[in-house]
Amino acid sequence: MSLKGLVFEGEDIRYKTGKHWVVLAKAVILFALALAVWSSGPALQGLVQFKVPEELEKFLPKIISAAVWLFRYIFFIILTLLALTRLFSFFTLRVGVTDKRLLCDDALFGTFSLDIGKVESVKCEPGLFGGLLGYGKVILTASSSQRLVLTNIRRPHALEQELFAAK
């Protein structure tokens, strides 16, 4: 669903944003790590080689081989799922500011609407690389002690300014 389907009659979207392209770079790095873990079988086997006592010589190498395979498989799955989650969030998260509300539309977590009059504070944290590349985290606190954290957002300072201008 797009943000236009969430807007009430008489409201106009003042500002739209989404995830920054750096989320794609993080997903690529996670995919690369997943492939490196998966292809590291012979290197890991070499790391865990040691002199085995004679009574354990029959079954210990098989146990070590299975443990290395299980380690590779689990970390490959975890890193791949993290990369796919980042990739999915890049293409599905939409954030918009109208005259009265902040709208968040995400395919994973659904839609979220926050009345701008109930927003007590807006904090923008770009971080070191975020300041250089133009992305960051926006933390909103509502009057009902509700806290909304939007991470890796494009131009977080512009979102903060639009929220204050709409107030």
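Taking the working numbering, the leading residue of the sequence shown gets 1206, the next gets one more, and so forth. Just so you know, even glycine gets a beta-carbon here, dropped at the ideal spot from N, CA and C.
- Secondary structure note for Val1343: its beta strand (DSSP E) is the uninterrupted segment Tyr1340 to Ala1347.
- Going by DSSP, Lys1231 is part of the alpha helix (DSSP H) stretching over Val1227 to Trp1243.
- Between Arg1306 and Ser1294, the CB-CB gap reaches or exceeds 7 Å.
- Between the segment 1295-1302 and the segment 1258-1270, the count of C-beta pairs closer than 8 Å stays below three; the two stretches do not touch.
- The three-state secondary structure of Gly1215, taken from DSSP, is coil.
- Secondary structure at Arg1352: strand, using DSSP grouped into helix, strand and coil.
- Between the C-alpha atoms of Leu1289 and Val1273 there is a straight-line separation of about 24 Å.
- For Gly1246, the closest of Phe1280, Glu1216 and Gly1223 by C-alpha to C-alpha distance is Phe1280.
- In this structure, Leu1211 keeps its C-beta atom at 7 Å or more from the C-beta atom of Ala1239.
- Going by DSSP, Ser1294 is part of the alpha helix (DSSP H) stretching over Leu1265 to Thr1297.
- In the three-state DSSP reduction, Lys1224 falls in the strand class (E or B).
- Between Glu1216 and Thr1316, the C-beta gap is not smaller than 7 Å, which leaves the two residues out of contact.
- Rounded to whole angstroms, the separation of the alpha carbons of Phe1276 and Gly1223 is 35 Å.
- Under the 10 Å beta carbon count, Arg1352 is surrounded by fewer than 16 other beta carbons and is classified as exposed.
- Going by DSSP, Leu1252 is part of the alpha helix (DSSP H) stretching over Gly1246 to Leu1252.
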